[in-house]
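So the structure is just underneath, and the comments pick up after that.
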Amino acid sequence: MTEHLTKETFLSKVFNYEKNKEWKFEGDKPCVIDFYADWCGPCKMVAPVLEDLAKDFDGKLDIFKVNTEE
């Protein structure tokens, strides 16, 4: 399952850019981050592919979604 991130969950699960100046991944397993917009056609096309990946790699890979319009 993909997980939609808010600013707060992005800071805790991916990268706390407010606290760290250098990149430091906060997760414990690899992740894919999909930055998307509701109006974006290609974003809508890739969504089912990401859902399939999330199922195929359940427990091994996190897939996060960030709405760039929010």
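Counting in this note's numbering, the sequence shown runs from 1 upward without gaps. Built from N, CA and C at the ideal position, the CB exists for glycine as well.
Same chain, Cβ closer than 7 Å to Phe35, neighbours up to 5 away in sequence not counted: As a working mapping, residue 35 is identified with position 35 in the sequence shown. For Phe35, where only same-chain residues beyond five positions count, the Cβ hits under 7 Å are Val66 and Thr68.
Reduced DSSP secondary structure (H/G/I, E/B, other) of Asp28: Here residue 28 refers to the residue found at position 28 of the sequence shown. Correct three-state label for Asp28: coil.
Span separating the alpha-carbon of Lys44 from that of Leu53: Position 44 of the sequence shown, counted from the start, is the residue given in the question as residue 44. Position 53 of the sequence shown, counted from the start, is the residue given in the question as residue 53. Looking at the two C-alpha atoms, the distance is approximately 15 Å.
Which residues DSSP lists as bridging Val66, in chain order: Mapped onto the sequence shown, residue 66 falls at position 66. According to DSSP, Val66 bridges with Phe35.
Beta-carbon proximity of Glu8 to Phe15, cut-off 8 Å: Here residue 8 is taken as the residue at index 8 of the sequence shown, counted from 1. Here residue 15 is taken as the residue at index 15 of the sequence shown, counted from 1. No, these two residues do not count as a Cβ contact at 8 Å.
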